[in-house]
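To start, the structure itself, in structure tokens.
Number of protein chains: 2
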Amino acid sequence: MTTHVSRRTFLTASALAAGAAVLPRASLAAAPLSGTQGPGVYRYKLGAFELTALYDGTWFLPIDGKFVTNASGAAVNEALAAAFLPPDIMPISITALLVNTGSKLVLIDTGTAGQITDTAGFLNGNLAAAGIRPADIDIVLISHFHPDHINGLRTKDGDKVFPNAQIVVPEPEWTFWMDDGNQSRATGSVFGYFRNAWRIFADIAREVHRFTPGAEIVPGIVSLPAYGHTPGHTAFSVQSGNESMLVMGDTVRNPELFARHPDWQPIFDIDGALAVTTRRRMLDRAAADRMLVGAYHFPFPACGHMIKTATGYELVPSMWRPL
Amino acid sequence: MTTHVSRRTFLTASALAAGAAVLPRASLAAAPLSGTQGPGVYRYKLGAFELTALYDGTWFLPIDGKFVTNASGAAVNEALAAAFLPPDIMPISITALLVNTGSKLVLIDTGTAGQITDTAGFLNGNLAAAGIRPADIDIVLISHFHPDHINGLRTKDGDKVFPNAQIVVPEPEWTFWMDDGNQSRATGSVFGYFRNAWRIFADIAREVHRFTPGAEIVPGIVSLPAYGHTPGHTAFSVQSGNESMLVMGDTVRNPELFARHPDWQPIFDIDGALAVTTRRRMLDRAAADRMLVGAYHFPFPACGHMIKTATGYELVPSMWRPL
């Protein structure tokens, strides 16, 4: 047994090595740098449900002082610096949420499918890392029709990504984005969003299920109107047993900007004033009830709790833990 | 082309589905719950170095009001509640850091090898998920001799886990823990730590390289004395190009307790007063210099920045991003 070795003996024997900073032993071959991120897959339980956060990537958007319509570029850069982020670039993290209710596999929003930036489009790889095939998904539930939420429904070539899934969308989103008149009045990037929604949905229109926000989607998932970001932007309440979670979609976006400054209006909010009202209402509820929240653009794994402060709200990210 | 379909026609055709919350289509077979967490592997660059945070798990330690020697159980529970954590349980997250300098693969601390709790011991699985074999590790660098830092050197059966690695430890840790007299005066769990250090190191004593804290270990990794938690507890500075990181070991432990309340003394600090001095010095430096920091018991991926507040310090976790 090692405990019978004299301690004095081996202390003496090994003392020559003391203080040795230059290590004399022959080196192994240098391990190559990996060059790839680890899987972005994080699981947590909610009652009997199993939730999986699936990271799609981060869109590093150059903002040139113009991301917040009612705050100066300097104020935005100050908020970025407070979060130890570089100036003039908005890191738009993208994380979809998969809910396994025990009888249904529901994917809430779909990522970018690599159609927006080279630094996003990893959702399907992470789905594979999670041991789930796209064909396993029963329901794809869409919060709203911005490209980073719906593009994952199709490959760049237009093929369906989730061949067996029912696609379920908010009725007011459908009505707004699939309307010729609205499209004809749109300009710039918003015009592109109309074209993109058409590309994604036109030839599967008969298969798409539309719901009125407020409706239950499946047992345990209820939709909640959260209008403003887009006309039909929808949040979801997920509940199992006595545990519940508020899935906020794009109501808050980057917490270091829009939780801390809930009145700030990002350029992506179509009705900025209504979006502020919705944001404040939802953050107030989350903070007051100490609710578990998820949000598509929160840093991966995109879940946590909100605390009300003197000037806004703070995200307390969930602590990574074994399942 | 889909753009030639009449929008009016398909809006009408699909209108029947509007508001449908009960989905009529036949369901797929229910996907089984996974029951396992996703890989805990997070990579980031530091200059030319590639760093990989490797999650070992979380030890949920029942504390019965006795984890902080100079704060009441009620005050500790209040701090846990502020972090949305349940009372009376200390979640001790464990994340080792792998540094690929381009010529050496250096693992800083080794996890528990499943020898402390069922909810930790995942480091080697996560190393495999990162694409690295234990035999690839060139150097295992130890911060101090507490079991959750050194047990990963051996399997439960005593086999070496990293067969080709040089094991490099702080000289004052070796001197303290391998001393018969010190062991004979130890009681309770600390006596167990002495026995455990002997179990890990006795029969490889001649192979263990000891350094004096302050020494450079390999180019780009310099050891820093951080005494108090244990007599030879050591932190590390990692530097490549003009980027650097402070790897704090157990200087801070759970940020929601000991960053926010730097004067609190956890039961695991052998010299609580000295540990407080070290903790304040290191947090002051990290906050003042806006340094990237890593810490073994910070929530995975266990890296971020520290902000000084009126009463203590706050961790701003690094935002998960593509490599």
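Chains as they are written, first to last, in our numbering: chain A, 6 to 328; chain B, 6 to 328. Positions of the beta carbon are idealized from the N, C-alpha and C atoms, including for glycine. Remember, predicted model here, so these are calculated numbers, not experimental data.
Under 8 Å between beta-carbons, which chain B residues line up against residue i? List them in chain order, please.
{"i": "MET250 of chain A", "result": "Ordered by position in chain B, no residue passes the 8 Å Cβ test against MET250 of chain A, which lies about 13 Å from the chain."}
With DSSP run on the structure shown, which of helix, strand or coil describes residue i?
{"i": "PRO327 of chain A", "result": "coil"}
{"i": "ARG258 of chain A", "result": "coil"}
{"i": "THR115 of chain A", "result": "coil"}
{"i": "PHE199 of chain B", "result": "helix"}
{"i": "GLY299 of chain B", "result": "strand"}
{"i": "SER105 of chain A", "result": "Correcting the residue type first, residue 105 of chain A is Asn in the shown sequence and not Ser. Three-state DSSP puts ASN105 of chain A in a strand."}
{"i": "SER194 of chain A", "result": "helix"}
{"i": "ASP141 of chain A", "result": "helix"}
{"i": "ILE209 of chain A", "result": "helix"}
{"i": "PHE150 of chain B", "result": "coil"}
{"i": "ILE272 of chain B", "result": "coil"}
{"i": "ASP184 of chain A", "result": "coil"}
{"i": "MET311 of chain B", "result": "strand"}
{"i": "THR239 of chain B", "result": "strand"}
{"i": "LEU110 of chain B", "result": "strand"}
{"i": "LEU158 of chain A", "result": "helix"}
{"i": "PHE216 of chain A", "result": "strand"}
{"i": "SER77 of chain B", "result": "coil"}
{"i": "LEU56 of chain B", "result": "strand"}
{"i": "ALA135 of chain B", "result": "coil"}
{"i": "LEU320 of chain A", "result": "strand"}
{"i": "ARG285 of chain B", "result": "helix"}
{"i": "GLY130 of chain A", "result": "helix"}
{"i": "PRO96 of chain B", "result": "strand"}
{"i": "ALA125 of chain A", "result": "strand"}
{"i": "ARG48 of chain B", "result": "strand"}
{"i": "PRO177 of chain B", "result": "helix"}
{"i": "SER39 of chain B", "result": "coil"}
{"i": "LEU90 of chain B", "result": "coil"}
Would you decide whether residue i is buried or exposed? Buried here means 16 or more other CB atoms lie within 10 Å of its CB.
{"i": "VAL27 of chain A", "result": "For VAL27 of chain A, the predicted structure reports a pLDDT of 43, less than 50, and the residue's modelled location is therefore unreliable. The matter cannot be settled from this model."}
{"i": "ASP164 of chain A", "result": "exposed"}
{"i": "ASP185 of chain B", "result": "exposed"}
{"i": "ASN156 of chain B", "result": "buried"}
{"i": "GLY309 of chain B", "result": "buried"}
{"i": "TYR60 of chain B", "result": "buried"}
{"i": "GLU55 of chain A", "result": "buried"}
{"i": "ALA101 of chain A", "result": "buried"}
{"i": "SER77 of chain A", "result": "exposed"}
{"i": "SER189 of chain A", "result": "exposed"}
{"i": "THR316 of chain A", "result": "exposed"}
{"i": "ASP143 of chain A", "result": "buried"}
{"i": "SER194 of chain B", "result": "exposed"}
{"i": "GLY197 of chain B", "result": "exposed"}
{"i": "PRO96 of chain B", "result": "buried"}
{"i": "ALA140 of chain B", "result": "exposed"}
{"i": "THR63 of chain B", "result": "buried"}
{"i": "ALA79 of chain B", "result": "exposed"}
{"i": "GLY233 of chain B", "result": "buried"}
So with CB distances below 7 Å, who are the chain B contacts of residue i?
{"i": "HIS114 of chain A", "result": "Going by the sequence as given, residue 114 of chain A is Asp instead of His. Those within 7 Å of ASP114 of chain A in chain B number zero; the least Cβ separation is about 17 Å."}
{"i": "PHE181 of chain A", "result": "Those do not exist, as PHE181 of chain A stays about 12 Å from chain B at its closest Cβ, beyond 7 Å."}
{"i": "ASN105 of chain A", "result": "ALA36, LEU38"}
Identify the contact partners of residue i in chain B, using a Cβ-Cβ distance below 9 Å as the criterion.
{"i": "PRO96 of chain A", "result": "MET324, ARG326"}
{"i": "THR63 of chain A", "result": "MET324, TRP325, ARG326, PRO327"}
{"i": "THR124 of chain A", "result": "ARG326, PRO327"}
What residues of chain A sit near residue i, judged by a beta carbon separation below 7 Å?
{"i": "TYR60 of chain B", "result": "TRP325"}
{"i": "GLU55 of chain B", "result": "LEU38, SER39"}
{"i": "VAL321 of chain B", "result": "ALA88, PHE89"}
Residues of chain A with CB closer than 8 Å to the CB of residue i, please, in chain order.
{"i": "ARG48 of chain B", "result": "SER39, THR41, GLN42, GLY43"}
{"i": "HIS310 of chain B", "result": "PHE89"}
Inset, instruction - Using a Cβ-Cβ cut-off of less than 9 Å, give me the residues of the region 131-144 of chain B that come near chain A, in sequence order. - result: Answer in chain order: ASN131, ALA134, ALA135, GLY136, ILE137, ALA140, ASP141, ILE142, ASP143, ILE144.
Inset, instruction - Closer than 8 Å, Cβ to Cβ, to anything on chain B: give me those residues from the region 291-308 of chain A, in chain order. - result: Across the region 291-308 of chain A, CB contacts with chain B closer than 8 Å involve ARG295, PRO304, PHE305, PRO306, in sequence order along the chain.
Legend entry - Interfacial residues, the region 236-266 of chain A to chain C, with Cβ spacing under 7 Å: Given the protein chain composition of this structure (A and B), no chain C is represented.
Inset, instruction - Check whether the region 251-263 of chain B touches the region 211-224 of chain B, taking contact to mean three or more Cβ pairs, one atom from each stretch, closer than 8 Å. - result: No, the region 251-263 of chain B does not touch the region 211-224 of chain B.
Inset, instruction - Would you check if there are 3 or more beta carbon pairs closer than 8 Å linking the region 104-112 of chain A to the region 284-303 of chain A? - result: Counting C-beta pairs with one atom in each stretch, the region 104-112 of chain A and the region 284-303 of chain A have fewer than three that are closer than 8 Å, which means they do not touch.
Inset, instruction - Flag this pair as touching only if the region 174-185 of chain A and the region 241-250 of chain A have three or more C-beta atom pairs under 8 Å; answer yes or no. - result: Touching, no, given that fewer than three Cβ pairs across the two stretches are closer than 8 Å.
Inset, instruction - Please determine if the region 82-95 of chain A and the region 120-133 of chain A are in contact, where contact requires at least 3 C-beta pairs separated by less than 8 Å. - result: With a cut-off of 8 Å, the region 120-133 of chain A and the region 82-95 of chain A do not count as touching, because too few Cβ pairs lie within range.
Legend entry - Segment contact flag, the region 170-177 of chain A with the region 130-138 of chain A, C-beta cutoff 8 Å, min 3 pairs: Touching, no, given that fewer than three Cβ pairs across the two stretches are closer than 8 Å.
Legend entry - Cβ pair count under 8 Å reaching 3, the region 250-261 of chain A against the region 286-295 of chain A: Touching, yes, given that three or more Cβ pairs across the two stretches are closer than 8 Å.
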